[in-house]
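Everything below concerns the one structure shown next.
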Amino acid sequence: MNWTHVRSRDVNEAVAERMPVRAGTDVDTFAALYQRTFPRVFAYVMSLLRDRSAAEDVTAQAFERAYRKRSSYRARRGSPEAWLFGIARNAALDELRRRGRRAGLEGEPADHDAPTAEDHAELALRREVVREALAKLDGHERDLLSLKFSGGLSNAEIGRVLGVSETNAGTRLHRALTKLRKACDDAS
Amino acid sequence: MTHPDSDNTATIERELEAVEAALRAGAADHQDPFVRELQDLGLLLQAEASEPDAEFAEALEQRMREGFPAKPGSARALADEVHSGLAAAVAWPRNAVRRMPSPRRMLPAAGAVVTVVVIGFGLASIDLNRGDQDDAGSGGGVDPRDLASEAESGGGAGESAPGAAQDEAARSSAEPAVPLAQPDATQSDSGSGSAAIAPPTPGGGFAPGRSNRKVERSISMTLEAPDEDIPALAQDVTQVTNRHGGFVLSSTLNSDEEGANGFFELRIPAGRLRPALADLAGLATVRSQSQSGQDVTRRHVTTRDRLQSARAERRSLLRRLELAETDEEAESIRRRLDIVAGEINGLRGLLRDLRLRTDFAVVSVDLAGTEGDSGSGGAGGSFDDALNDAGDLVVGLAGVLIRVLAIALPLALIAGLGWLATSLLRRRRRESVLA
Chain A
1 MNWTHVRSRD
11 VNEAVAERMP
21 VRAGTDVDTF
31 AALYQRTFPR
41 VFAYVMSLLR
51 DRSAAEDVTA
61 QAFERAYRKR
71 SSYRARRGSP
81 EAWLFGIARN
91 AALDELRRRG
101 RRAGLEGEPA
111 DHDAPTAEDH
121 AELALRREVV
131 REALAKLDGH
141 ERDLLSLKFS
151 GGLSNAEIGR
161 VLGVSETNAG
171 TRLHRALTKL
181 RKACDDAS
Chain B
1001 MTHPDSDNTA
1011 TIERELEAVE
1021 AALRAGAADH
1031 QDPFVRELQD
1041 LGLLLQAEAS
1051 EPDAEFAEAL
1061 EQRMREGFPA
1071 KPGSARALAD
1081 EVHSGLAAAV
1091 AWPRNAVRRM
1101 PSPRRMLPAA
1111 GAVVTVVVIG
1121 FGLASIDLNR
1131 GDQDDAGSGG
1141 GVDPRDLASE
1151 AESGGGAGES
1161 APGAAQDEAA
1171 RSSAEPAVPL
1181 AQPDATQSDS
1191 GSGSAAIAPP
1201 TPGGGFAPGR
1211 SNRKVERSIS
1221 MTLEAPDEDI
1231 PALAQDVTQV
1241 TNRHGGFVLS
1251 STLNSDEEGA
1261 NGFFELRIPA
1271 GRLRPALADL
1281 AGLATVRSQS
1291 QSGQDVTRRH
1301 VTTRDRLQSA
1311 RAERRSLLRR
1321 LELAETDEEA
1331 ESIRRRLDIV
1341 AGEINGLRGL
1351 LRDLRLRTDF
1361 AVVSVDLAGT
1371 EGDSGSGGAG
1381 GSFDDALNDA
1391 GDLVVGLAGV
1401 LIRVLAIALP
1411 LALIAGLGWL
1421 ATSLLRRRRR
1431 ESVLA
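Keeping their order, the protein sequence lines are chains A and B. Its first residue numbered 1, the first sequence is counted upward by one per residue in my numbering. Its first residue numbered 1001, the second sequence is counted upward by one per residue in my numbering.
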């Protein structure tokens, strides 16, 4: 299967730098899509599940499912990234339902990336505040922020994944970000 | 605290663009403190993104490069095998075409194949033509030309068709003669083979070298037409008979709710038999036909000779009567004359009857009515019939299509709605964990 190389218009560079994006190629392959999206997909799934082992299983399951269903992809229905993140999202939500992990979403996220000794104390503190604030958001809002900042998707791609328009996705994202900011203010 | 213009779409877009810019630059540098805070949040959330373990990343990439192989013996492996088998089966024709040599290189082989096919088809068609002749009248339709030619081959032997008789004489000279002692030849056919129903062998005659053979012809044919056309067809049969100098000996015509049919017994002059049969066959579809012929030449000759003898005896008796000297002798001659006169009358009647039977062929025509327009079916139908059949076929297919759609469309609508509802329900249930 040939993938049309679609680079997210507003993917953040920090995320992009971590991904080996093959720029300048006309014909993309599933391997290229994998290389381009694997870290982002894992980060997104991890943000939902908050369980590294489960995130690895779901990430692998999502890519395998996408590989087997790759012939069903239609370019007119969105970018390959949006299609792949939709699959990953469904797999993660199914896993959450299957394991009754609702509490996991609402609870304190696991501290896998705890600040090291080298981290500045202020940064560590701010991270802690953000995590507490995230816990006060509902699942939809955390999902939206994860798609944006962990998955690095554009608003249009987020709209595809969630089944809403790009404008609606942007509005929701802004609302969630504003709410998170307020929660951070309240927590600090 | 919320931004004063946070509900404004333009403001939202501007602030989101500022966040995107901060993510790209890796720093929050907007002048508006509120927006700068959003930028900081975005950078923090981005930094919070977890990275996969190198070991997991390497293992998954390996699996991806191997095409995510299924575990041996698992249901997935079995499904993969089935899928690959089906894919190979589907791809085989395409691959076979690709493996074929170029068209230019295949030209000689293709030419040879075409030649063989053409020759084979030609040979088969020759056999078929022979088979068709053999099968004439056995089923659907009979070619009027075949029927007429069969009739001509024997019908022209009568005295009333001298031209044909000459042809027959010419042919008879090349054919073995039938022994004089041979009884009257009788040949008949039930209509299952035109070759078998040929008239008595012209050359195998009773008297070698003589062409005026006497043959009784009996032909029966069944004409098929729609019920409503039977009355008109009966009139046409009568007209054809009259036009060729024949007459209708008897006829019946039945028409009721169950259908129509008729029967005609015709007498057609032997010399006009061929065109008459051709015309009759052209009136409708010839469902079947049969023909029989009986050579009565010997009986005719015998009767004629006996008549000549009787006449000669009568002339002799008349001479003896003139010379009779006594009354007893004259009386005896008169009694004998009466007997001979009776014989002469009988033989003349016999000859007249024989001549009638050989000069006129007996043609029995059955008119068989069919329901609707079935008479136009088969290979014997005209172009109009073919058009009608095609129209009926299209109407029938359209009817079937409408019925199928009447069932399929509601089912498809129900299935579509069900699929939509299932999708929405599944999505809602899936996202319920986010609520």
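From the three backbone atoms N, C-alpha and C, an ideal C-beta is built for every residue, glycine too. Nothing here was measured: the structure is a model prediction, and the numbers come from that model.
Within 10 Å of its beta-carbon, does residue i have 16 or more other beta-carbons around it, so buried, or fewer, so exposed?
i                       : result
residue 1106 of chain B : exposed
residue 1108 of chain B : exposed
residue 1100 of chain B : exposed
residue 64 of chain A   : buried
residue 1407 of chain B : exposed
residue 1375 of chain B : Low confidence applies here, because residue 1375 of chain B scores a pLDDT of 44, under 50, leaving its location unreliable; read the following figure in that light. So residue 1375 of chain B ends up on the buried side.
residue 1117 of chain B : exposed
residue 1176 of chain B : Below a pLDDT of 50, predicted positions are generally treated as unreliable, and residue 1176 of chain B, at 36, falls in that range; no measurement from the model is reported.
residue 1097 of chain B : exposed
residue 1264 of chain B : buried
residue 1015 of chain B : buried
residue 69 of chain A   : exposed
residue 1033 of chain B : exposed
residue 1237 of chain B : buried
residue 1009 of chain B : exposed
residue 80 of chain A   : buried
residue 1073 of chain B : exposed
residue 1318 of chain B : exposed
residue 1085 of chain B : exposed
residue 1083 of chain B : exposed
residue 1329 of chain B : exposed
residue 1165 of chain B : The pLDDT assigned to residue 1165 of chain B is 40, lower than 50, so where the model puts this residue is not dependable, and the model offers no usable value.
residue 148 of chain A  : buried
residue 1046 of chain B : buried
residue 1071 of chain B : exposed
residue 1089 of chain B : exposed
residue 39 of chain A   : buried
residue 1383 of chain B : exposed
residue 83 of chain A   : buried
Since residue i meets chain B, which of its residues come closer than 7 Å, beta carbon to beta carbon?
i                      : result
residue 217 of chain A : A question about residue 217 of chain A goes unanswered here, because the residues of chain A that appear run from 1 up to 188.
residue 90 of chain A  : 1430
residue 39 of chain A  : 1051, 1052
residue 181 of chain A : 1037, 1038, 1041
residue 121 of chain A : Simply none; closest approach about 15 Å.
residue 156 of chain A : Near residue 156 of chain A there are no residues of chain B at all, since even the closest Cβ is about 12 Å away, more than 7 Å.
For residue i, which option in the options has the closest C-alpha, if you only look at C-alpha atoms?
i                       : options                        : result
residue 1362 of chain B : B/1116, B/1032, B/1273, B/1382 : B/1273
residue 1013 of chain B : A/30, A/154, A/124, A/55       : A/154
residue 146 of chain A  : A/184, A/95, A/85              : A/85
residue 179 of chain A  : A/92, A/141, A/83              : A/141
residue 1253 of chain B : B/1269, B/1231, B/1270, B/1267 : B/1231
residue 1242 of chain B : B/1079, B/1277, B/1414         : B/1277
residue 1314 of chain B : B/1064, B/1296, B/1335, B/1350 : B/1335
residue 1048 of chain B : A/82, A/35, A/126              : A/126
residue 172 of chain A  : A/186, A/40, A/144, A/150      : A/144
residue 1337 of chain B : B/1091, B/1311, B/1359, B/1326 : B/1311
residue 73 of chain A   : A/41, A/48, A/164, A/33        : A/33
Which residues in chain A sit within 9 Å of residue i, going by Cβ to Cβ distance?
i                       : result
residue 1081 of chain B : In chain order: nothing, as chain A lies at least about 14 Å away.
residue 1094 of chain B : Going along chain A, no residue has its Cβ under 9 Å from residue 1094 of chain B, so there is no contact; the nearest lies around 16 Å.
residue 1401 of chain B : Ordered by position in chain A, no residue passes the 9 Å Cβ test against residue 1401 of chain B, which lies about 30 Å from the chain.
For residue i, which residues in chain E fall below 9 Å Cβ to Cβ?
i                      : result
residue 132 of chain A : No chain E is part of this structure, whose protein chains are labelled A and B.
Please list the partners that residue i has in chain A, where partner means a Cβ-to-Cβ separation under 8 Å.
i                       : result
residue 1371 of chain B : Those within 8 Å of residue 1371 of chain B in chain A number zero; the least Cβ separation is about 55 Å.
residue 1065 of chain B : 31
residue 1015 of chain B : 174
Starting from the beta carbon of residue i, find every residue of chain A whose beta carbon is closer than 7 Å, and list them in chain order.
i                       : result
residue 1012 of chain B : 170, 171, 174
Which bits of chain B does residue i rub up against, with CB to CB less than 9 Å?
i                      : result
residue 127 of chain A : 1044, 1047, 1048
What residues from chain B crowd round residue i, counting only those whose CB sits closer than 8 Å?
i                      : result
residue 186 of chain A : In chain order: nothing, as chain B lies at least about 10 Å away.
residue 85 of chain A  : Neighbours of residue 85 of chain A on chain B: none; closest Cβ ~14 Å, over 8 Å.
residue 145 of chain A : 1045
*Output, in sequence order along the chain, the residues in the stretch 1038 to 1061 of chain B whose CB is closer than 9 Å to any CB in chain A.*
1038, 1040, 1041, 1042, 1043, 1044, 1045, 1046, 1047, 1048, 1049, 1050, 1051, 1052, 1053, 1056, 1057, 1059, 1060, 1061
_If the cut-off is 9 Å on Cβ atoms, which residues from the stretch 165 to 178 of chain A count as contacting chain B, listed in chain order?_
167, 170, 171, 173, 174, 175, 177, 178
*For the stretch 1245 to 1258 of chain B against the stretch 1338 to 1358 of chain B, are there 3 or more C-beta pairs whose distance is under 8 Å?*
no
*Any contact of the stretch 1038 to 1056 of chain B with the stretch 1017 to 1028 of chain B, i.e. 3+ C-beta pairs under 8 Å?*
Yes, since at least three Cβ pairs between the stretch 1038 to 1056 of chain B and the stretch 1017 to 1028 of chain B fall closer than 8 Å, the two stretches touch.
*Is there contact here, the stretch 119 to 129 of chain A with the stretch 157 to 176 of chain A, by at least three beta-carbon pairs under 8 Å?*
The stretch 119 to 129 of chain A is not in contact with the stretch 157 to 176 of chain A.
*Between the stretch 1286 to 1293 of chain B and the stretch 1222 to 1232 of chain B, do at least 3 Cβ pairs fall closer than 8 Å?*
yes
*Are the stretch 46 to 57 of chain A and the stretch 1050 to 1064 of chain B in contact at 8 Å, needing three or more beta carbon pairs?*
yes
*When you check each C-beta in the stretch 51 to 81 of chain A against every C-beta of chain B, which residues fall closer than 8 Å?*
52, 55, 56, 59, 60, 63, 64, 67, 68
_Check whether the stretch 1290 to 1304 of chain B and the stretch 1213 to 1222 of chain B are in contact - that is, three or more C-beta pairs closer than 8 Å._
yes
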